[in-house]
Amino acid sequence: MTLNNFKEMRLATFTLILLLALPLSGIAQNEKWNETEQQKEDRLAWWTNDRFGMFVHWGLYALPARHEWVQMRERLTTEQYSKYFERFNPDLYNPKEWARKAKEAGMKYVVLTTKHHEGFCLFDSKYTDYKSTNTPIAKDLVKEYVEALRSEGLKVGFYYSLIDWHHPHYTVDRIHPLRPNNKRDYKKLNKGRDMNIYREYLHNQIKELLSNYGTVDLLWLDYSFPGEFGKDRNDWDSEKLIDMVRTLQPGIIVNDRLDLKDMSKGWDFTTPEQFKVAEWPTYDGKRIPWETCQTFSGSWGYYRDEHTWKDTKQLLVLLIESVSKGGNLLLNVGPTGRGNFDERADKALAAMGNWMKYNSRAIYGCTQAPEEYSVPDHSLLTYNPETKRLYIHLLDYPLQNFRLKGMKGKVKYAQFLHDASEIKISAPYGHWIKEKLGEDDLNLSLPVTKPNVEIPVIEIFLED
Ligand code: GLC
314 MTLNNFKEMR
324 LATFTLILLL
334 ALPLSGIAQN
344 EKWNETEQQK
354 EDRLAWWTND
364 RFGMFVHWGL
374 YALPARHEWV
384 QMRERLTTEQ
394 YSKYFERFNP
404 DLYNPKEWAR
414 KAKEAGMKYV
424 VLTTKHHEGF
434 CLFDSKYTDY
444 KSTNTPIAKD
454 LVKEYVEALR
464 SEGLKVGFYY
474 SLIDWHHPHY
484 TVDRIHPLRP
494 NNKRDYKKLN
504 KGRDMNIYRE
514 YLHNQIKELL
524 SNYGTVDLLW
534 LDYSFPGEFG
544 KDRNDWDSEK
554 LIDMVRTLQP
564 GIIVNDRLDL
574 KDMSKGWDFT
584 TPEQFKVAEW
594 PTYDGKRIPW
604 ETCQTFSGSW
614 GYYRDEHTWK
624 DTKQLLVLLI
634 ESVSKGGNLL
644 LNVGPTGRGN
654 FDERADKALA
664 AMGNWMKYNS
674 RAIYGCTQAP
684 EEYSVPDHSL
694 LTYNPETKRL
704 YIHLLDYPLQ
714 NFRLKGMKGK
724 VKYAQFLHDA
734 SEIKISAPYG
744 HWIKEKLGED
754 DLNLSLPVTK
764 PNVEIPVIEI
774 FLED
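Numbers in the working numbering are just positions in the sequence shown, counted from 1, shifted up by 313.
In C-alpha cells form, the structure reads like this:
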C-alpha cells in the first residue's frame, strides 16, 4: 500500500466512525442548536424589549405563611407538612386578576412556580398525586393561569423546581428537610432512594408542562448546587433535559440554573437573585442577557409577618437600574393561601404602574446608554437604540440648573417624559455656575418644583 492510499484509508475510516457516532452524540441531536448569536438575539428579542416581568411564588407554603423554605427550615417531615396539602383551598384564585394587575404595573410576562422545592404541583400531572387537583380546590391551576395570561396578551413563563422535597426517590442532600446533623447518616437516610427514578419523573413532568399548555415562552429551572451532598448536572441529566426542552419548544427562553454554563444551548440568560449588579454581567468576556429576580420583602412565598418591604422608589430604581445596565427585572408576588395578592403587594404594584403609565417609554426597548453619554449626577441613563432617545432618570431632583457634561451639540430637544413639557436648554442661572460650565457642556433649566412623579424622567432627542 502506498503512503497516499494509507492516508486515504485512514481518512475514510475516520469519516465513517464520525458518521456512525454523530447520531448518538449531542451535536447531532442538537444540530438546530448550532444557533448563531444573531439567531439567539432574535429569539430573545421580545424578552429583551419587555424588560419587566412578574414572578409568582405560590404553593402549599402560602398556608404556613412563613417562607417557601419552611419545610426545610423547620425540618418538617412529609407527614407533618401534609396538613397544608389537605387544606389547600384558594377560593379567591382569579388568575385574570393577577394578569390584569401585572399588566397594569407595566409587566409584560409572568413566571409561575408550577412546582417549588416542596414538590407540590399546581398542575394536573399524571406522574404524581401530590397536585392541586387532589386538594380541596380540585383544579389544574396552571391551566387557568396560562389562559388568563394569554387573554391579557402577556407572555407565559413556568418556574419548575429541580429540587423536590416530597418525591420519595429524591435523595436527601444538604438542603433537604430530612438532612442529618451528621455526614455519616446520609447513607442510611438514602437507602432505598433512587435518583434514577426521580430523574425520570423530573423529565416526564417537564415534558408534560411543555406539551400540554401550548406555547410556553419562558422556562425557569431552579436550581443546582454542586459539591458535597449537593446536586449538579448529573443528578438532573441536564444535557438531555435541555435537549428535550429545546425540541418541544424551540422558541423558549431558559434561565441558567441547570449547571450547564459551559454549553451555549444550556442557558439563555443569567439570574442574579436579590442582588444589584455593579455592571452588565459578562461571560467569557462578553456581555450576556440577564435578569435580576427580586422580592418586595424578604420572602418569595407569602410571609404574613415579614415587614421589610421595599418602598416605591427602591422598586423603581431596581427596574431603571437594571435597564440602565442592559438587564431585566422579575419582581415577585407571593399570593396568599386564598389565592389573591396581599394588599401590600397590590399597593406596590399600583405605584409602579402609576410610574410606568407615564414613563414606560424609558424602559421598553431600552438598554444601557452608549459610553459617549456621561451619566449626570444623581441619575441613571437608559437609551433606546431604535428611536435614538436618551432618558435621564432623576433620582434626586436637582435645583434648576442641570448640567449635561459633554453634551453640547448632541441634543436636539429635551422634555419631561411624563407630560411632554419642554425643558429649555439655556445658559445656567446665576453667575456661580456659569464660570464652571465646560465648553462642551449643556445646561438644562428645570422648574424649581419637582413634578409629582416619584422619579421624573427627561427625554432627550439626540442629534443624528
Ligand atoms: C432560590 C430559592 C427560592 C426561589 C428562587 C428564586 O434559589 O431557593 O426559594 O424560588 O431562588 O430565584
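In this text, a Cβ means the ideal position worked out from N, Cα and C, and glycines have one as well.
Bear in mind the structure is a predicted one, so any value in this text is a computation, not a measurement.
Using a threshold of 7 Å, state whether the C-beta atoms of residue i and residue j are closer than that.
i	j	result
V646	A663	no
N714	P741	yes
M420	G372	no
S445	Q518	no
E364	N641	Reading the sequence as shown, one finds Arg at residue 364 and not Glu. It is a contact, given that the beta carbons lie within the stated cut-off.
Y473	K428	yes
L389	P490	yes
W613	H430	no
L454	L435	yes
T583	I565	no
S734	T695	no
L405	F471	no
L376	G650	yes
E776	K718	no
K496	Y422	no
A378	E465	no
I768	H706	yes
N672	V770	yes
N402	P449	yes
Y458	L425	yes
Can you tell me whether residue i sits near the ligand GLC, meaning its C-beta is under 6 Å from at least one heavy atom of the ligand?
i	result
C606	yes
W346	no
Y536	yes
W613	yes
E586	yes
E457	no
E381	yes
Might you give, ordered along the chain, the residues of its own chain that have their beta carbon closer than 8 Å to the beta carbon of residue i, omitting 5 neighbours on each side?
i	result
N343	Confidence at N343 is low in this model, with a pLDDT of 49, below 50, so the placement of that residue should be treated as unreliable; the coordinate-derived value is given next. So the list reads D556, R559, K578, once near-sequence residues are dropped.
T315	The predicted model places T315 with a pLDDT of 44, which falls under 50 and marks its position as unreliable; any figure quoted below should be read in that light. Closer than 8 Å at the Cβ level, and outside the excluded window around T315, lies no residue.
D779	The first residue shown for the chain is 314 and the last is 777, placing residue 779 beyond what the model contains.
T625	A661, A664, M665, W668, E767
Which residues share a DSSP beta bridge with residue i?
i	result
Y696	T680, L703
M780	Outside the modelled stretch of the chain, which goes from 314 to 777, sits residue 780, for which no answer is possible.
N756	R716
E772	Y704, Q728
S395	According to DSSP, which records beta bridges pairwise, S395 is partnered with nothing at all.
G470	V424, L531
V688	Note: V688 sits in no beta bridge, so no partner.
R379	Y616
K737	S758
Y596	K599
Name the two residues that bound the continuous alpha helix (DSSP H) containing residue i.
i	result
W533	W533 -> not in any alpha helix (DSSP H); beta strand (DSSP E) instead, spanning 531-535.
E457	454-464
L515	508-524
E634	625-637
Q384	383-386
S551	551-561
P539	It is not in any alpha helix (DSSP H) - P539 carries neither H nor E in the DSSP assignment.
G666	656-672
D498	498-502
D355	350-356
A591	Run containing A591: none; DSSP gives neither H nor E here.
Assuming residue i is part of the beta strand (DSSP E), what are its boundary residues?
i	result
T608	604-608
Excluding five sequence neighbours on each side, which residues of the same chain lie with their C-beta closer than 7 Å to the C-beta of residue i?
i	result
P539	D545, D572
G452	The question names Gly, yet the displayed sequence has Lys at residue 452. Correct list, in chain order: S445, T446.
S739	N756, S758
F542	D486, R487, Y499
Under 6 Å Cβ to Cβ from residue i, same chain only, skipping five residues before and after it: list those, please.
i	result
Y483	D477, Y511
S338	Residue placement at S338 is flagged as unreliable, the pLDDT there being 40, under the threshold of 50; a coordinate-derived value is accordingly withheld.
T326	With a pLDDT of 49 at T326, under the threshold of 50, the predicted position of this residue should be treated as unreliable, and no value is reported.
E586	C606
V383	Y374, P377
Q562	L523, V529
D709	H691
I773	L703, V724, A727
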